[in-house]
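>
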Amino acid sequence: MSLDIPLSTGSKAAEIDAHIIDVLRHRVGKDERAAKPHDWFTATVLTLRDAVIDRWMESTRKTYDQGGKRVYYLSLEFLIGRLLRDALSNMGLTREMEKALAAHGFDLSQLEDLEPDAALGNGGLGRLAACFMESLASLDIPAYGYGIRYKNGMFRQRIDDGWQVELPETWLSHGNPWEFDRRESAYRIGFGGEVIDRGDGVEWKPAERVEASAYDMPVVGWRGKRVNTLRLWTARALDPIRLDAFNAGDHVGALVEDARADALVRVLYPADSTPSGQELRLRQEYFFTSASIQDIVRRHAQYHGDVRTLPDKAAIQLNDTHPAVAVAEIMRILVDDHGLEFNEAWEVTRKTVAYTNHTLLPEALETWPLPLFERLLPRHMQIIYAINSRVLREARKAGMDDAQIAAISLIDEHGERRVRMANLAFCGAHSVNGVAALHTDLMKSTVFSDLHALYPEKINNKTNGVTPRRWLQQCNPGLVGVLKDAIGDAFLDDAEKLADLNALADDAALGERIAEVKRANKVALAAHIKQIAGVRLDPDALFDVQIKRIHEYKRQLLNLVETVALYDQIRSHPERDWVPRVKIFGGKAAPSYHNAKLIIKLANDIARRVNSDPSVGGLLKVVFVPNYNVSLAERIIPAADLSEQISTAGMEASGTGNMKFALNGALTIGTLDGANIEIKDRVGDENIVIFGLTADEVLEQRAAGYNPRAVIEGSRELQQAINAISSGVFSPDDPNRYTALMGGLYDSDWFMVAADFDAYHAAQRSVDARWENQKAWRASALRNIANVGWFSSDRTIGEYARDIWGV
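Laid out in structure tokens, this is it:
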């Protein structure tokens, strides 16, 4: 049954109702009187999916009929969140579905909450990939996303006595109604073995093979204009059980090949602190990259014939270094399987591939021990050596010295020899882009300075964006209603039309209506936090939010130390008119990242002490929200008043949380880092709170011999806060728990917590002063909403399409 027939709202709702009942009976197998909420959820998804499939097939046929170029987006993460509300909204069927379900006593939002967050990502990298996939469909650009179908994700975070506990995600335990098993799209992936000389070429004979099999999910664009495909790979052993071993009594050993294959798709970012963990990560990256490249080349050969025309029909975008082995894999397939000469294959590869860099942190620019890489991928190691020889000869011909050549080399010769995946991606791509203006400039002057000198035309900037459908329309419908009343609904199709609000920024009545929506969102969030964390929050307090991956460069520690200083001041000066403030933290720490996990414990220890202290009189509350994910972000962001974007300058590539908060009317407090700089330029200096060292000043301080001990001893508030934490005030059960963490601030403070503390503390007090003038605060919030439409992922994808992909 199609749902595309144009009918009146009432008729459409009746049609959907009939379809749901039919699905409930014939595909879920339940009578409507016996069906449970999860049955109704499944029937709702399958009903909507039937409508989506029609558009999906239309989109695919149109691409083939037009012979158009496709974008292939390779990413180890796709943090897509829940899909029901997103697909309903983009298909324009939300109201009709609400009416159909209401007739059976169900509220759509109740069923939406039954959908698990897809455990396919962790942080900004994966969420950006999800926003990009939605924008590709919304802009009617044919695209495939390629990744891994993780069974257990990274982990589900539980907080036990303030400590992070990692548990497996079980999002697939009851199946995934959005996915389709494409068993015909299956590829053999090899590991190990040897390379045999065949006279007219070579043959790689892997010692081990697994099968990559595809599952497809639809990605619906705005107004259902196009439906693209997210293709995720699962792994299967070629022989899932060795019957001889099983029958001989080795019942566990007989399943070892199945277990090895299953390990490839179990967990996102398995801990790499052990050699076996490193090997699993490399296996994962090659597994999904090889399957994706084989699929792309197979599709091209099937429909277009000559692989030499691959760049005309395919644009492959590498989302960070995880799929960088694609450069060597394309070369292997073109040379070994299709018989191209090396030089010709190299030109095809470079014209097809583009690479996005997301970090300047050395530990995130992946490198692999050469023996590990050569043992697992011997043919690829040969190809990388051949590429390296070509690149280094170019560098020598260009007059580069030994130090520059060493920096450019795909093999790091310092200490243990390692394969540099970022250098491989850079050399094998025709475009290398940063994700914010500052980040791109720093790429040219720091980590890729010598490669930039050799290939000066490659690096370009594409500032990140977020999809306004999920991060405004769907998560904040109350605000959308107010904005439509004020400026019409053109901004629904073009987020930059929000700029029309600038003419109304001083309209007190509009500011009050937006503030009413904000308060309602805060009431809803407070109720949710009371339910999951047991903390009561005052919705009239300033909601100060820092939700993101826990990492020292993101400086949750700076926020927590300043929270302790504020707590001390409130107790010491009860006569002052303090602004009531709620500090909300959320995020996951990598399982092997000791300091990040300790910061989570500190946040919870501070919360326990502050929230139970009657002397602060409710003026300060602290809460750490467990298991931060997309669905929690959709609740928290619309309720935030202040957005914490306080990374050490020069270390955050872009950020996208900063854009989401501003789009929902929160003011940013932050450093001149990542996209904060461009947000400041668009919203105006008076509508953002900037503090701290710039990226250049951070480098200057380090070069000059930064002395954090002197800084701490020169700041009374900072010293008192650090001493309170290190002496056990917040950890009476273990007074030495934070001694080393605080000692690190005295001894090294690489992330400049002490250097920026006084400026941050002063900036927070300026926030208090702003808050007390609610009329001015509302005007600033409105100007943030009005001027961040440019940070739509539609704009970003439009730039990729024009400047990089040629689609």
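Going by numbering that gives the first Met the number 0, the first residue of the sequence shown is number 0, and it counts up by one from there.
C-beta: ideal position from N, C-alpha, C; glycine also.
1. Does the beta-carbon of residue 663 have 16 or more other beta-carbons within 10 angstroms, so that it is buried, or is it exposed?
2. Just to confirm my understanding: we take residue 725, look at its own chain, exclude 5 residues before and 5 after, and list those with CB closer than 6 Å. What are they?
3. Label residue 63 either buried or exposed according to how many other C-beta atoms from any shown protein chain fall within 10 Å of its C-beta, with 16 as the threshold for buried.
4. Using 8 Å as the threshold, is the C-beta distance between residue 309 and residue 353 below it?
5. Are residue 581 and residue 620 touching if we call contact CB-CB under 8 Å?
6. Label residue 720 either buried or exposed according to how many other C-beta atoms from any shown protein chain fall within 10 Å of its C-beta, with 16 as the threshold for buried.
7. Count the other CB atoms within 10 Å of the CB of residue 535; is the residue buried (16 or more) or exposed (fewer)?
8. Taking the alpha helix (DSSP H) that residue 291 falls in, what are its first and last residues?
9. The alpha helix (DSSP H) spanning residue 38 covers which residue range?
10. Since residue 623 and residue 610 are thought to touch, with beta carbons under 8 Å apart, how far apart are those beta carbons, to the nearest angstrom?
11. Could you tell me the alpha carbon to alpha carbon distance between residue 255 and residue 240, rounded to whole angstroms?
12. Buried or exposed for residue 273, please, with buried defined as at least 16 other CB atoms from any protein chain shown within 10 angstroms of its CB.
13. Relative to the alpha-carbon of residue 187, which residue among 201, 152 and 260 has its alpha-carbon at the smallest distance?
14. Assuming residue 659 is part of the beta strand (DSSP E), what are its boundary residues?
15. Can you tell me whether residue 587 is helix, strand or coil according to DSSP?
16. Can you give me the C-alpha to C-alpha distance between residue 26 and residue 42, rounded to a whole angstrom?
17. In whole angstroms, give me the CA-to-CA distance for residue 329 and residue 292.
18. Is the beta carbon of residue 513 sitting closer than 8 Å to the one on residue 542?
19. Alpha carbon to alpha carbon, how far is residue 674 from residue 462? Give it in angstroms, no decimals.
20. Assuming residue 793 and residue 138 make a contact with CB atoms under 8 Å, what is their CB distance in whole Å?
21. Could you check if residue 17 is buried or exposed, using at least 16 other CB atoms within 10 Å of its CB as the buried criterion?
22. Distance, Cα to Cα, residue 237 vs residue 205?
23. Name the one or two DSSP bridge partners that residue 233 has.
24. Rounded to a whole number of angstroms, what is the C-alpha to C-alpha distance between residue 666 and residue 339?
25. In its own chain, which residues sit with a C-beta less than 7 Å from the C-beta of residue 366, not counting the 5 before and 5 after it?
26. Counting along the chain, where does the alpha helix (DSSP H) carrying residue 430 start and finish?
27. Use the C-beta contact count for residue 302: other C-beta atoms within 10 angstroms, 16 or more gives buried, fewer gives exposed.
28. With DSSP run on the structure shown, which of helix, strand or coil describes residue 367?
29. For residue 332, which residues of its own chain have a beta-carbon under 6 Å away from its beta-carbon, when the five flanking residues on both sides are left out?
30. Output the distance between the C-alpha atoms of residue 415 and residue 235, rounded to the nearest integer angstrom.
31. Sort 551, 779 and 470 by Cα distance to residue 130 and report the nearest one.
32. For residue 613, collect the residues of the same chain with a Cβ closer than 8 Å to its Cβ; drop the 5 residues on either side in sequence, then sort them by chain order.
33. Would you identify the three-state DSSP class for residue 6, choosing helix, strand or coil?
34. For a quick check, are the C-beta atoms of residue 464 and residue 516 less than 8 Å apart?
35. Can you check whether the CB of residue 109 is closer than 8 Å to the CB of residue 588?
36. Considering only the alpha carbon of each residue, which of 342, 458, 490 and 774 lies closest to residue 508?
On the basis of the supplied data:
1. buried
2. 737, 738 and 741
3. exposed
4. no
5. yes
6. buried
7. exposed
8. 274-303
9. 36-65
10. No, residue 623 and residue 610 are not in contact; Cβ-Cβ is about 11 Å, not under 8 Å.
11. 8 Å
12. exposed
13. 260
14. Counting along the chain, residue 659 falls outside any beta strand (DSSP E), though it belongs to the alpha helix (DSSP H) covering 656-662.
15. coil
16. 8 Å
17. 7 Å
18. no
19. 7 Å
20. 6 Å
21. exposed
22. 13 Å
23. 212
24. 55 Å
25. 411, 417, 418, 419 and 420
26. Taken as a continuous stretch (DSSP letters only), residue 430 belongs to no alpha helix (DSSP H), being part of the beta strand (DSSP E) at 430-433.
27. exposed
28. strand
29. 296
30. 34 Å
31. 470
32. none
33. Confidence at residue 6 is low in this model, with a pLDDT of 39, below 50, so the placement of that residue should be treated as unreliable; the coordinate-derived value is given next. Here residue 6 sits in coil by DSSP.
34. no
35. no
36. 774
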